[in-house]
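Heads up, the thing below is written out as structure tokens.
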Amino acid sequence: MATLDKHIRRYTSISAVIDILRRRELPLLDPQNWDDRNDRYFMARYKEKKALGGLYALCAARCGETYHHWRVFTGTADGACIEIKRAPLEKALSKIPGVSFAEMRYLLLNHIDALTTADLDSLPFVKRIGFAAEEEYRIVYETDDPQGAAYSLEFPLAWISRIYLNPWLPDPLYESVKETLRALPDCAKLSIVKSRLIDSARWKNAGDRVIGKGTPQKKRALKVPSSSKS
Numbered sequence: 001m002a003t004l005d006k007h008i009r010r011y012t013s014i015s016a017v018i019d020i021l022r023r024r025e026l027p028l029l030d031p032q033n034w035d036d037r038n039d040r041y042f043m044a045r046y047k048e049k050k051a052l053g054g055l056y057a058l059c060a061a062r063c064g065e066t067y068h069h070w071r072v073f074t075g076t077a078d079g080a081c082i083e084i085k086r087a088p089l090e091k092a093l094s095k096i097p098g099v100s101f102a103e104m105r106y107l108l109l110n111h112i113d114a115l116t117t118a119d120l121d122s123l124p125f126v127k128r129i130g131f132a133a134e135e136e137y138r139i140v141y142e143t144d145d146p147q148g149a150a151y152s153l154e155f156p157l158a159w160i161s162r163i164y165l166n167p168w169l170p171d172p173l174y175e176s177v178k179e180t181l182r183a184l185p186d187c188a189k190l191s192i193v194k195s196r197l198i199d200s201a202r203w204k205n206a207g208d209r210v211i212g213k214g215t216p217q218k219k220r221a222l223k224v225p226s227s228s229k230s
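Note that the UniProt record's numbering has the sequence shown beginning at 1, numbered continuously upward.
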């Protein structure tokens, strides 16, 4: 799986993308609504030990698109993904008191057993090894103010590299959603594309070529390893 060095990907919903574009804000959410109870527990203990009023986080991916990310983090034809430029984002984050950010570490249970009180600041940035396929990048904000549903960071449109719409969206609806997004103030030039992960013309053309239906091309045959017999 290709790891992204210059971008992170925030998987969300089309409605959330509209809100982000209109407000120019990127929301960090309350971790206690997460599905992973282990992750929620670590965040809660971290908040308790630091005597924080509020704790918020944003989870993103630092790898190219995968079926896993679309299904788990969007799931339906309302899904979308904002590809964010990492350098300007991190430059801004480093100037905000209470904000930390890092790539997640994925640990085995025997590694977890070795954690001590010296590892307190690591709690928001570790997960079980079974989640490693997420390739997660996390932003955390801690504050003395009372917990709310979300905390919003300023988010200039210039930080957006591209917006991807989910692969299940019918093409006519994709065109309509793209027009709607580009009609928002200052969004006319945004790069907006539909993911072709599950329906790629290039992939299908290769299949046609293999069975002789496509345009003949002089290329060496792909050497596919044969399965060994025991």
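From the three backbone atoms N, C-alpha and C, an ideal C-beta is built for every residue, glycine too.
* Does DSSP put K50 in a helix, in a strand, or in coil? -> Within the sequence shown, numbered from 1, the residue matching residue 50 stands at position 50. Coil.
* To do: Starting from S200, trace the alpha helix (DSSP H) both ways and give me its first and last residue.
  => Reading the sequence shown from its first residue, position 200 is the one you call residue 200. First-last for S200: undefined, no H or E at that position.
* When DSSP labels each residue in this structure, what does P88 get in the three-state scheme? -> Locating residue 88 in the sequence shown gives position 88, where the first residue counts as 1. Looking at P88 - three-state DSSP - the assignment turns out to be helix.
* Can you grab the Cα-Cα spacing for the pair F73 / R9, in whole Å? => Reading the sequence shown from its first residue, position 73 is the one you call residue 73. Reading the sequence shown from its first residue, position 9 is the one you call residue 9. Roughly 11 Å separates the two Cα atoms.
* Asked: When you compare each of A51, R202, W203, S195 to L80 by their alpha carbons, which one comes out closest?
  -> Indexing the sequence shown from 1 puts residue 80 at position 80. Here residue 80 is Ala; the residue named in the question, Leu, does not match the sequence. Out of A51, R202, W203, S195, S195 has the C-alpha closest to the C-alpha of A80.
* Is P124 near the ligand PLP, going by C-beta to nearest heavy atom under 6 Å? -> Looking for the ligand PLP in the displayed structure turns up nothing, as the structure carries no ligands at all.
* Identity of the residues DSSP links to E25 by a beta bridge -> Your numbering for residue 25 matches position 25 in the sequence shown. E25 is bridged to E154.
* **Straight-line Cα distance separating R202 from K229** => To locate residue 229, count along the sequence shown from 1; it is residue 229. To locate residue 202, count along the sequence shown from 1; it is residue 202. Note that K229 scores 44 on pLDDT, short of 50, meaning its location in the model is unreliable; the coordinates nonetheless yield the value given after this. Using only the alpha carbons, I get a separation of about 33 Å.
* Asked: For V140, which residues does DSSP report across the bridge?
  -> Residue 140 sits at position 140 when you count from the first residue of the sequence shown. According to DSSP, V140 bridges with A57, S100.
* To do: Please state whether DSSP places S230 in a helix, a strand or coil.
  => On the sequence shown, residue 230 is found 230 positions in, with the first residue counted as 1. Note that S230 has pLDDT 38, beneath the 50 cutoff, so the model's placement of it is unreliable and the number below is only indicative. S230: coil per DSSP, three-state reduction.
* Asked: Who are the Cβ neighbours of I96 in its own chain at under 8 Å, not counting the five residues just before and after it?
  -> Sequence index remark: in the sequence shown, residue 96 carries index 96 (1-based). Excluding positions up to five away in sequence, the list reads Y141, L153.
* Asked: Start and end of the beta strand (DSSP E) containing L123?
  -> Here the question's residue 123 lines up with position 123 in the sequence shown. Counting along the chain, L123 falls outside any beta strand (DSSP E), and DSSP gives it neither H nor E.
* Please confirm if the region 97-108 is in contact with the region 119-131, defined as three or more CB-CB distances below 8 Å between the two stretches. => yes
* Terminal residues of the continuous beta strand (DSSP E) containing L190? -> Residue numbering aside, residue 190 sits at position 190 when the sequence shown is read from its first letter. Taken as a continuous stretch (DSSP letters only), L190 belongs to no beta strand (DSSP E), as it is neither H nor E.
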